[in-house]
Amino acid sequence: MASIDTGGGDSGHKKGPGVKKAKKLSTRVDMTPMVDLGFLLITFFVFTATMTTPTTLDLNMPKDIKDEKEQTETKESSTLTILLGKNNHVYYYEGQLKVAEGENNFKSSNFKDIRNVILNKKKEVISRYASHPDPECEAKAQKEGKPVSNCADKDFVVIIKASKDASYKNTVDILDEMTINQVRTYAMVKIGKEDQELMDKTEESNPAN
Amino acid sequence: MPSVKLPRKSTDTDMTPFVDIAFLILSFFIMATKFKPPEPVEITTPGSVLSQKLPESNAVMITVDSANRVFFSVLSDKDKSKYDVVIQGINESQNLNLSPAEMKDFSKVFAVGVPFGSLKEYLSMSDEEQKKVKQPGIPVLDSANNQLYWWILESKKAFVGEKLNFLIKGDQKSKYPTFEAVVSALKRNDEFKYNLVTALDDVPSGSELDKVLKVQGKVEKN
Numbered sequence: 050m051a052s053i054d055t056g057g058g059d060s061g062h063k064k065g066p067g068v069k070k071a072k073k074l075s076t077r078v079d080m081t082p083m084v085d086l087g088f089l090l091i092t093f094f095v096f097t098a099t100m101t102t103p104t105t106l107d108l109n110m111p112k113d114i115k116d117e118k119e120q121t122e123t124k125e126s127s128t129l130t131i132l133l134g135k136n137n138h139v140y141y142y143e144g145q146l147k148v149a150e151g152e153n154n155f156k157s158s159n160f161k162d163i164r165n166v167i168l169n170k171k172k173e174v175i176s177r178y179a180s181h182p183d184p185e186c187e188a189k190a191q192k193e194g195k196p197v198s199n200c201a202d203k204d205f206v207v208i209i210k211a212s213k214d215a216s217y218k219n220t221v222d223i224l225d226e227m228t229i230n231q232v233r234t235y236a237m238v239k240i241g242k243e244d245q246e247l248m249d250k251t252e253e254s255n256p257a258n
Numbered sequence: 058m059p060s061v062k063l064p065r066k067s068t069d070t071d072m073t074p075f076v077d078i079a080f081l082i083l084s085f086f087i088m089a090t091k092f093k094p095p096e097p098v099e100i101t102t103p104g105s106v107l108s109q110k111l112p113e114s115n116a117v118m119i120t121v122d123s124a125n126r127v128f129f130s131v132l133s134d135k136d137k138s139k140y141d142v143v144i145q146g147i148n149e150s151q152n153l154n155l156s157p158a159e160m161k162d163f164s165k166v167f168a169v170g171v172p173f174g175s176l177k178e179y180l181s182m183s184d185e186e187q188k189k190v191k192q193p194g195i196p197v198l199d200s201a202n203n204q205l206y207w208w209i210l211e212s213k214k215a216f217v218g219e220k221l222n223f224l225i226k227g228d229q230k231s232k233y234p235t236f237e238a239v240v241s242a243l244k245r246n247d248e249f250k251y252n253l254v255t256a257l258d259d260v261p262s263g264s265e266l267d268k269v270l271k272v273q274g275k276v277e278k279n
C-alpha cells in the first residue's frame, strides 16, 4: 500500500544462461502498521487528556464578630440582599426587608436576571454619589494611586444569604456574579428567620416554578 | 491519428509527511496529558470566570461530594513526612491507638472520609478493601462535633512556618449547610482565606468584568 514496488520484471539485459540475477530488494518499508499504531495512540491520549485545568475562586471570610459595636454597618439605600432558595431560585430586596401591604420589596428572580438587578442597583448607587461626591475619599484614592471611580460605589454592598436548600453551585455562581459585576463589597451572612419564612411561603404559593 | 499516451501514475502516495504530523500530535498529547489523580468520588465542580491557577502542593483539600459527604486530604508532593505528622497528631489528640503500620497507611490513602471512631478500622484494611468500602464522610454538620476542625488543626501544625492553602472542592449538587460547616471548621482555626475549586467559564461579553479585562489588556499592549 504505502510502498512502491521497485523490483521490476525481467526486462533488463540478458546475462546468459545460468546466471542468476540477484533480486533487487526494495528499500521502502511498508509504513501502514506504524501509522495505525500512531493513530491508535493519538486517540488514546486525546480521550484521556484532562484539558480542563481546575481554577480557583478566592473566598475571604471575615472573622466572626460577637460584639455588635464592631459590626460593619451598611447604608440601607445602598444595600442589596440576595437570598438563595430551593431549585436555583433567587430572591432579593433592596435595603431593609418590608413586607407590609402595598410596600412589599421582596422580589423573586433567577440567575439570569439577577445580573441586571445587581447592575441597576450599582448604577443607582453611583448616580446618587454623583450628586453627593465625597472629596475625602477621592483625595485618599488619589494619594494611594487608586482610581477615583472606586469611591463612587464604595457604599454599595451586596449581602448574600443562602438558605439550607441552596446548592453549592448556586453559592459559587452568586460569588462569581460578584466578580462579573465588579461588586467590591459583598458579604455572606447567615439567613435570618424572617427571610427563611418568607422564602418558604413564596415557594409554597407557587410550587409550579 | 497518433494516440496520446498518458503516463501511468502510481496510486501510492508518499505517507511520510502524514506520519510526521501524526507523531507530532502524538508526542504533544503524551507531553500534555496529565493523568487525573485518584479521587474518592466523582466531583463535578461548578464553573467560575476566574482563571487563577490552583495550588497543587502545600495544600489541604476538603472535598464535598453530591451526597454531602466530606473528605479530607493533604496535598504535599515534596515532603511526604507531612502525612505522618498529621496522622500522628490526630492519633494523639483523639486517642485512637493507631499502630505505626496503620499510620503509615495514611499517606497512601488519597482522601479520608470516615469519622474518628472508624479511622483505625479503615486504615487497617488493605488497599483493595479501602477502595470498595463506602466512606460515610467526616461528620461536620453537628457544630459540637465538627471533626474537620481537628484535621485542619493538625495539618496547620504540620505545615507550621509554611504557606498552607485551603482548597474546597464541592460538587455542584452539594447543599449549602455542608459548605457552611466546612467554612466554620476553617474559621474556628482562624483561617479566613480559601480557594474554591472551579472549572473555567467564559467571561460573559459586555459585562463589567469584561470591560475591566479589556481595559487591562489595552494597557498591557501599550
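As given, the protein sequences belong to chains A and B, one line each in that order.
Residue 50 is where the first sequence starts when you use my numbering, and the numbers rise one by one after that.
Residue 58 is where the second sequence starts when you use my numbering, and the numbers rise one by one after that.
Ideal Cβ placement from N, Cα and C applies to all residues, glycine included.
Got a sec? Which residues, its chain only, sit under 6 Å from residue i by beta carbon, not counting five neighbours each side?
i	result
A/T55	Bear in mind that the predicted position of A/T55 carries a pLDDT of just 49, short of 50, making it unreliable; the figure below should be weighed with that in mind. Answer for A/T55: S75, listed in chain order.
B/D134	S114
B/G146	E211, K214
B/V171	Y179, Q192
A/T220	A211
If you measure between the beta carbons of residue i and residue j, is that distance less than 7 Å?
i	j	result
B/R126	B/G194	yes
B/F80	A/N109	no
B/Y251	B/F223	yes
A/D204	A/V238	no
A/L106	B/T255	yes
A/Q231	B/E265	yes
A/A259	A/Y178	This structure cannot settle anything about residue 259 of chain A, because the visible part of chain A is limited to 50 through 258.
A/I269	A/T130	Within the shown structure, residues of chain A are numbered from 50 to 258, placing residue 269 of chain A beyond reach of any answer.
B/L153	B/K177	yes
A/A98	B/F129	no
B/V106	B/V260	yes
B/N100	B/D258	Here the sequence assigns Ile to residue 100 of chain B, which means Asn is not the residue at that position. No.
A/N199	A/A188	no
A/K161	A/N154	no
A/V206	A/T128	yes
Hey, how far is the Cα of residue i from the Cα of residue j?
i	j	result
A/M80	B/M72	8 Å
A/S254	A/M248	10 Å
A/D225	A/Y142	19 Å
B/A124	A/F96	28 Å
A/N169	A/P196	21 Å
A/I262	A/H138	Nothing about residue 262 of chain A can be read from this structure; chain A reaches only from 50 to 258.
B/S150	B/I144	10 Å
A/E252	B/A242	31 Å
B/N203	A/S126	38 Å
B/N282	B/D199	Nothing about residue 282 of chain B can be read from this structure; chain B reaches only from 58 to 279.
A/G61	A/K72	At A/G61 the pLDDT is 48, less than 50, meaning the model places this residue with poor confidence; the figure from the coordinates comes in the next sentence. Going by the C-alpha atoms only, they are around 12 Å apart.
B/P112	B/Y233	24 Å
A/E243	B/A168	39 Å
A/S158	B/V197	31 Å
A/F88	B/M88	16 Å
B/D69	A/L86	20 Å
B/S67	A/F94	35 Å
B/A116	B/K244	16 Å
A/K156	B/G218	49 Å
A/A136	A/E246	Before going on, a small fix: residue 136 of chain A reads as Asn here, not Ala. Looking at the two C-alpha atoms, the distance is approximately 16 Å.
A/K112	A/K171	26 Å
B/G274	B/S183	54 Å
A/R233	B/I78	49 Å
Who are the near neighbours of residue i in its chain, counting only those whose CB is closer than 8 Å to its CB and skipping five residues on each side?
i	result
B/D141	M160, K161, F163, S164
B/K268	none
B/P137	In the sequence under discussion, the amino acid at residue 137 of chain B is Lys, which differs from the Pro named in the question. Only S164 meet the Cβ criterion.
Under 8 Å between beta-carbons, which chain E residues line up against residue i? List them in chain order, please.
i	result
B/S108	No chain E appears in this structure, whose protein chains are A and B.
So residue i and residue j are in contact, right, with Cβ under 8 Å, and what is the actual spacing, rounded?
i	j	result
B/K110	A/T104	7 Å
B/L180	B/L155	7 Å
B/L83	A/L90	5 Å
A/V84	B/V76	6 Å
B/P157	A/D222	Incorrect: roughly 46 Å between the Cβ atoms, too far for contact.
B/I225	B/L253	5 Å
Does the beta carbon of residue i fall short of 6 Å from some heavy atom of the ligand SAH?
i	result
B/A79	Looking for the ligand SAH in the displayed structure turns up nothing, as the structure carries no ligands at all.
What does a CB cutoff of less than 7 Å around residue i pick up in its chain, not counting 5 residues either side in sequence?
i	result
B/K62	none
B/N148	L155, M160
B/K27	The displayed coordinates of chain B run from 58 to 279. Any statement about residue 27 of chain B would go beyond what the structure contains.
B/K139	V131, S133, A215, F216
A/Q145	E125
Determine contact between the segment 157-164 of chain B and the segment 115-122 of chain B, defined as no fewer than three beta-carbon pairs at a distance below 8 Å. no
Report yes or no: do three or more beta-carbon pairs, one from the segment 211-225 of chain B and one from the segment 181-189 of chain B, lie closer than 8 Å? no
Are the segment 176-191 of chain A and the segment 212-228 of chain A in contact at 8 Å, needing three or more beta carbon pairs? no
Three or more beta-carbon pairs under 8 Å between the segment 193-213 of chain A and the segment 222-240 of chain B, yes or no? yes
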